[in-house]
Each structure stands twice: as structure tokens, then as C-alpha cells.
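Colleague: Taken in order, the sequence shown gives residues 1065 to 1803; the numbers are from the numbering used here.
Submitted below is the structure of interest, expressed as C-alpha cells.
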Amino acid sequence: MGTSTDSRPAARWLAGTDRIRRGVSELPALAVVATAIAVGFAYYAGSLVGLALRPPPSFSSLLWLPNAILTATLLLTRSTRRWWIYLAAALPAHLLMLAPTGLPLSFMVAIFLTNCIEALLAAAAVRWLGAAPIRFDTLRHLGLFIAVVVLMAPFVSSFPAAAVVTWWRGDEYWPLWRNRFVSNALSQLMLVPACVVALRDALPMARRASSRRLLEGVLLTGLTLLLGVTVLGSAEGGPLGEGPGLSARFLALLLPPLLWTAVRFGPASTSFSLLSMTVLLLWGETHGRAFLAVLPRQEAALAFQTVLGVVAVPLMCLAALMQEHRRAEELVRGRLEFEKLLSRLSTAFVPLGSHEMDATFERWVARIGESFEVDRFMVLLHRGQEVEIAYSWAAPGNAPLHPARVRSDYPGEVQQILQDQLFVIAQLEAQRAEGVEPAWIDWAGRSLTVPLSARGRTTGVVSLVRRCDDLEWPEELVQRLRLVADVLAGALDRKRAEIEADQSRQELAHLLRISTLGVMTTSLAHELNQPLTAILANAQAAQRMLARTPLDLSEIRDALADTIEEDRRAGEIISHLRDMLRKGTGEHAVIDVRAIVGGVARLASSDALIRKVHLQVSLDPATPAMKGDGTQIQQVVLNLLLNALEAAAESPNGERVVVLRSARAADGQVEISVQDTGPGVPDELAERVFEPFFTTRSRGIGMGLSIARSIVTAHGGTIWVENRTGGGAFFRLHLPSHA
């Protein structure tokens, strides 16, 4: 995919550069320099701690932290091209730390190179094994970390390191190798997980943590520090290897918080707790707070390191197992919650009409966004070369987005959407565009975008946006979003199909209304002729009155009043005709059912006179109002009434009566009924009369009742026919009332 450097004002709803699309996290040069300086300071501080934990006159520290700091830095750096920068940044700190010792520069550089070898071996092996970015949340991942970073890298790098020290000082090689290997292995075990997790995952974990969880962490930290101070304070002073040791019961006090950390907070927190307690104990060991005084100096150090390793590894494994168990529980719980959500989502749109879907979409977009625990969830639809933000949800603290149209500057992305491809975009940016909300323009975050496709047609995308530094979206989350997109695409496709069908139905209904009024030409002419004749008669009478002397003003006023009344009557007839002839817009409003039924009765009254049918109209004052399209309801009633008038005109017993009623049904709905005294409807044809192109009339086309049923169904109602006692048909329709 290409990128665009065009500065035209446009909102980049799928923005980013090629390197961002490849998922590469490229830091600015200033950030690289700042990171390098931080590595140098950390290396120097770790060296000071390591020197403080060195029992004199031994050259090896009981816990050497700088190498672990370099290892953690390389493991956190995604680009191997930057490794040399951070290693070089640690060299000045290394030389500054050893400068007061008076050691030769060549020796100091050689020791630094062996430290770098250890970090490079660990980081390169993790990448080669495909374990990057490194994790500690399962026993498998922790085992790989222990095997590669904790054991292999210190094991191999200790050979050249011991050789350099032996060459310079003349000490025994194997004791040096052993001390260096054990010291660095313990440092890697206890420092690397804490550093990696703290720098990479601390902020997301803190955001997700509950207040109860944070309080538990604070209590555990306070208890650990309190016990550490208590243990150190209980030890008797004396140089290393001299005086009585620390009581075992005090050392046992350190195990409960370690177990608590391992069970509740995972390997990273366990490694940090182990490191904190170990540093405190080693500081006490090297500063007169002896607890291994009964052993010689070298044996005491090795014994302490051995005990520490024996305790640390099982604790770390226990922490990994508990973390894996919790993740499995969360995964199962999350899957069940998602399956429940997907099941409800799949059925949410089934009973709805197209006009009800927008509100339901808004509710479900919010529920989906909350379920995925993201900062923003959006549904964007294609409109030619533009994209419309149709529905959106924002988590608390984020500005909401309102529906708006934006223009895409990336034809490559549009083409990929049309090809049903998935997007994982690292940065979502936007420029200022006309008609686009500022919150959309200023937004920046990680985006996961999935096409909306149904029946081979892609109409848009759904997009998750998250403000975080994670470059990877879990595969399961991607699959879940695909399933959600499939359901939403199906609902949107059904909405589009219903809108198209409704438009076709409205066109057909409009044609049928025109056809119906064409059939009523004679009766409409008769209906209009009455007020027009009356107007003419009143006008002529007024003219004659004006010719008389003296003038009779009261009679003239009466004639003019009659003229106005007849003109109003003619205007109402024309208004009804205009309403019938206009195209339905599908807009639903609260309508007065009695007014609709009464207007239809007046419109068809002349047709009843021509057919010599007695039309009875009963409008119950308790008839409730309803919400719908008044023109369409008027068409249904008129169609039923004209059918009834035609049927009554063919009455086999000579009784020509049609009864039109409006009332409140027993269940509170609107009821409209039309009864006639015609030949009725055979029982076997009671359902077929509503089928398209089915008719029992010689001149009918069979679409009137079919369209009537579709209109009633679209309004959430029902219509049916029964044969009335004594002969004739009884059409009834129920429509939801407007509360």
C-alpha cells in the first residue's frame, strides 16, 4: 500500500505510513538518545549496587546487576539495529564506575565486552527461537527464559570473563567461572522479568487493575519492606564470616510475602520481590548483619546463592503456573461472555424493521466497545469515494464522535477493503476536514479494522481503536471482531434490502393509489360537482340579490357563508386527493385514526351513492392514536372500503350495506374494520386473497390486498378476513397504538 503526503484537508480514517502498517515501532531520534542515556544511568546504578554486594577481597559480586540491565534493554528493543547504540551507551558508565580502581583501560574494556556478550547471546537466542517479544506468563515461556537467558547466556559468557580476570589477577579459573556464572544467572532471573514487565506492561496493567488490586499491591509492598527491616534489625553485627548467624525463624518470615506475590501477582512481581529481599539480605551480609557466619567466606557466599536459586526458581515457576491458570480462567470466561454477546447480537436485529435499526445499532455499538475493552469502536460505511462514520462509541474520558462523512486519501486502503482484507494499523491520524468532528481529527491510537462484507459485497469496516503502546492485537480478538463484523454486516445488508423493498413497495403503492383514483373518477367528479354546483348557485343568488333595491344584506351574508362552506368542502376533497397522489416518504408520525377513517369515508361517499350502497360509518371516540405513515394507512382503508362497496353492489340478497368502523381493540390496539353484505370470501381463499396477483374480480390485478398487508405488517400490525354471519366479508386490521 502506498502512502500519501498530500496536504489536502481530509480525515485519514485509515492513516499511517508504510512502516507503521508493517507494525514496526520506530522511535524518534530524540527518544533513542533519551533511552540510551537512561540505559547508561541504569548500568552505572546497577554497577554500584553490584560493587556494594561484593564481599571483600573477592573480585566477584554476590549479585551482578549490570548484565541483566543490558539484557532487559536488548529484549525490549524491537530493532536489532539499535542494539549497538544502547551497548555503547553503557560503556562510559562502565569506565566511570571502574575508573577509581586504577585498573588498566584494556582490562576494563575486555570485562565490558564479556558483559555485552552475555546480553547479546540472551537477546539473540530469544529472537532465534521465535520467543520475541519475551513473555513470562506461562510455564513454557518461563522455562524458555530460564534455559536461554538465565542459564545459557551466563554459562557461555562466563568462560571469557573468567579467562580475562585469571589473566590479569592470576586467580583460579574455575572458582572465578563458577562465582560469575551463579551471580549473573541469579541476576538475570530476578531482574530481567521485573524490568521487562515494568517498562513494557506496567501502564496497561495499572489501567486495567481495580482499586482493590492496587490496594492489595500496596499492602504487600509495605509488608515486604517491614519484614525485611525486621529481619535485618534482628541480626547481630560482625564482619562477614564472624559472629552468630541470623535465627531461622526470622528468615522464615520472608517466605509468606514471597508466596503471596507468586500466587497473586505473577512472575514479574515475584522476581522484583525476590530481588528486593535478596539485595537487603546481601547488603546485610556484606555490612556486618551476618546470617551465614558459621561458614567460611567463600562457602557462605556460594551457600547463600545456592539457597537463593533453589527458592527463586520454584517460586517463579509457581507464579507462572498461577498466572497461566488465571489467564485460562479469564480466557474461558471471556469466551463465554463473548459467545453470549454474539448470540444476543445475532438475534437483536431479527424482529426489527429498518426504521428501528439505527437506535439498536447505537446500543449494540456501545455494548461491543465495552466488551472489547477499547477506547473507541466505530462502524464506517462506504459512500462512493467517501467514508461515513455511521455509528461510534467512545469510552469514558474520550470525546464522542457524531455521524459525519470523511474523504479517504488512501485509494489503496479502499481497494483492499473491497477485496475483504484485514487491517492492523499502528497509528490512526487525521487531518482537519470540513464537517468532521475535532475529536476524530485529533485522535491517535492503535487501530484494528475489519471489513463489513455480506453476500460478496463489502459496504464498510468496523474499527477498534486503543490508546496504548501494544503493537500486537491478540489473534483471538481479531477473530472475535471478524464474527461481530459478520453479524453487523448481515444486519446492515438486511436493513439495506428492507429499505430498497420498502421503496419499491412505496412506488407500487403510489401507482396503485393513482390507479384507484382513476377507477373513482366518476364518483370523484360527482363529489366535486356538488360543492361546485352549490357555489355557483349561491353566487348567482347573491348576484340577483345585489340587483334588488333595497338590498337585503342578511340574505347576501347567508349566500356568501354558504359559498365559503362549499368552497371549504371542495378544498378538503382536493386536499384528500393530493394526499393520496403524493409519494409516501416512509416517515412515521402520530396520526389521528378517526380523522383518517372519516376522511376516507367522505372521499368514497359518492362512490357509494353511485353504486346505491348504504355506507355506515362508526368512529368510536375511544379509538387510540397510532404512529405511522398517514397516507399509507389511508390507502389501506380506502382499498378495503372500495372492495367492500363493489362486493355489496353484487349482494345476492339485494341488501347493500357497508359498515366502516374504528375502535379500541380488547388488547388496546387500534382496530379498523370493514363489513359488507356481498357474496363473501370462500374459506379456502381467505389467505390467498392477500397474495400478490391473486384476485376474485374480473377487472382486478390482485395487488391491492397484497400491498395492504405489506403496509400493515410494516407498521407492526395484522390484517385478516372472516365471513360474517348472514353473508358478506368482514376485514379487520389491528395496529399498535401510540401510548
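We put the CB at the ideal spot given by N, CA and C, even for glycine.
When the distance is taken between beta carbons, is His1798 closer than 8 angstroms to Glu1751?
Modeller: No, Cβ-Cβ distance for Glu1751 and His1798 is not below 8 angstroms.
Colleague: Once the 5 residues before and after Ala1412 are set aside, which same chain residues still bring their CB inside 7 angstroms of it?
Modeller: Taken in chain order, the residues that qualify are Thr1424, Trp1428.
Colleague: Please say whether Gly1662 and His1779 have beta carbons closer to each other than 8 angstroms?
Modeller: No, the pair does not count as a contact, with Cβ atoms beyond the cut-off.
Colleague: To which residues does DSSP link Tyr1455 through a beta bridge?
Modeller: Beta-bridge pairing links Tyr1455 to Val1443.
Colleague: Nearest-angstrom Cα distance between Ala1708 and Leu1724?
Modeller: When rounded, the distance between both Cα atoms is 10 angstroms.
Colleague: Could you give the residue range of the beta strand (DSSP E) that holds Gln1733?
Modeller: Run containing Gln1733: none; DSSP gives neither H nor E here.
Colleague: Looking only at its chain, what residues have a beta carbon closer than 6 angstroms to the beta carbon of Leu1486, apart from the 5 residues adjacent to it on each side?
Modeller: Any answer about Leu1486 is weak, because its pLDDT of 43 lies below 50 and its placement is not dependable; what the coordinates show is given next. Excluding sequence neighbours, Leu1486 sits near Val1514.
Colleague: Taking 8 angstroms as the limit between beta carbons, can you name the residues of its chain near Met1386, skipping five residues before and five after?
Modeller: Contacts found: Ala1326, Val1327, Arg1328, Gly1330.
Colleague: What first and last residue would you give for the beta strand (DSSP E) that runs through Ser1726?
Modeller: Element bounds for Ser1726: 1721 to 1728.
Colleague: For Gly1781 versus Asn1703, is the C-beta distance shorter than 8 angstroms?
Modeller: For Gly1781 and Asn1703, no; Cβs fall outside 8 angstroms.
Colleague: Confirm, please, whether the CB-CB distance from Val1260 to Ala1136 is below 8 angstroms.
Modeller: Closer than 8 angstroms, so yes.
Colleague: Can you tell me which of Ser1407, Met1421, Gly1194, Leu1547 puts its alpha carbon nearest to the alpha carbon of Arg1142?
Modeller: Measuring from the Cα of Arg1142, the nearest candidate turns out to be Gly1194.
Colleague: Where does the unbroken beta strand (DSSP E) through Ser1143 begin, and where does it stop?
Modeller: First-last for Ser1143: undefined, no H or E at that position.
Colleague: Using C-beta distances below 8 angstroms, list every residue in its chain close to His1205, excluding the 5 sequence neighbours before and after it, in chain order.
Modeller: Closer than 8 angstroms at Cβ, skipping near neighbours: Ala1195, Ile1198, Arg1199, Ala1384.
Colleague: Write down the C-beta distance between Pro1885 and Gln1733 rounded to the nearest angstrom, noting that I regard them as a contact closer than 8 angstroms.
Modeller: Outside the shown range of the chain, which is 1065 to 1803, sits residue 1885, and nothing can be said about it.
Colleague: With a threshold of 8 angstroms, are at least 3 pairs of Cβ atoms found where one atom belongs to the segment 1272 to 1289 and the other to the segment 1398 to 1409?
Modeller: No: the two stretches stay apart, fewer than three of their Cβ pairs being nearer than 8 angstroms.
Colleague: Identify, in the order they occur along the chain, each residue of the same chain with its Cβ nearer than 6 angstroms to the Cβ of Ala1153, setting aside the five sequence neighbours on each side.
Modeller: So the list reads Ala1100, Val1103, Gly1104, once near-sequence residues are dropped.
Colleague: Between Ile1210 and Val1343, is the Cβ-Cβ spacing less than 8 angstroms?
Modeller: Cβ atoms of Ile1210 and Val1343: not closer than 8 angstroms.
Colleague: Do Leu1338 and Leu1379 have their C-beta atoms closer together than 8 angstroms?
Modeller: In contact: Leu1338 and Leu1379 (Cβ atoms closer than 8 angstroms).
Colleague: Report the three-state DSSP secondary structure of Ala1713 (helix, strand or coil).
Modeller: Ala1713: helix per DSSP, three-state reduction.
Colleague: Can you give me the C-alpha to C-alpha distance between Leu1706 and Glu1714, rounded to a whole angstrom?
Modeller: Leu1706 and Glu1714: Cα-Cα distance of roughly 13 angstroms.
Colleague: Please classify Gln1543 as buried or exposed, where buried requires at least 16 neighbouring CB atoms within 10 angstroms.
Modeller: Exposed, because fewer than 16 other Cβ atoms sit within 10 Å of the Cβ of Gln1543.
Colleague: Quick test of your reading: Met1161 and Leu1240, contact by CB under 8 angstroms. State the CB separation rounded to the nearest angstrom.
Modeller: That pair is no contact at about 20 angstroms.
Colleague: Please list, in chain order, all residues of the same chain as Leu1317 whose beta carbon is under 6 angstroms from its beta carbon, the five residues on each side excluded.
Modeller: Excluding residues within five positions, the ones whose Cβ falls inside 6 angstroms are Leu1291.
Colleague: I believe Val1664 touches Val1701 by the beta-carbon criterion, under 8 angstroms. Please report the beta-carbon distance rounded to the nearest angstrom.
Modeller: Indeed they touch by this definition, with Cβ atoms about 5 angstroms apart.
Colleague: Can you give me the C-alpha to C-alpha distance between Asp1747 and Ala1458, rounded to a whole angstrom?
Modeller: Straight-line Cα distance between these residues: approximately 57 angstroms.
Colleague: Sort Ser1335, Ile1181, Leu1151 by Cα distance to Val1096 and report the nearest one.
Modeller: Val1096 has its Cα closest to that of Leu1151, out of Ser1335, Ile1181, Leu1151.
Colleague: So, for Gln1680: in the same chain, excluding its five sequence neighbours on each side, which residues have a beta-carbon less than 8 angstroms away from its beta-carbon?
Modeller: Hits under 8 angstroms: Val1721, Val1722, Val1723, Leu1724.
Colleague: Does the beta-carbon distance from Val1214 to Ala1249 come in below 8 angstroms?
Modeller: Contact flag set, yes.
Colleague: Quick one: what's Ala1518 bridged to in DSSP?
Modeller: Arg1521, per the DSSP bridge assignment.
Colleague: Would His1678 be called buried (16 or more neighbouring beta carbons within 10 Å of its own) or exposed?
Modeller: Result: exposed.
Colleague: Taking its Cβ as the centre, do 16 or more other Cβ atoms sit within 10 Å of Trp1192, making it buried, or is it exposed?
Modeller: Looking at its Cβ environment, which holds fewer than 16 other Cβ atoms inside 10 Å, Trp1192 is exposed.
Colleague: CA-CA distance, Ser1435 and Leu1140?
Modeller: C-alpha separation (whole angstroms): 30 angstroms.
Colleague: Please confirm whether Leu1444 and Ser1527 have their CB atoms less than 8 angstroms apart.
Modeller: In contact: Leu1444 and Ser1527 (Cβ atoms closer than 8 angstroms).
Colleague: Check Ile1838 in the structure and name its three-state DSSP category.
Modeller: Here the chain covers residues 1065 to 1803 and nothing more, so residue 1838 does not appear.
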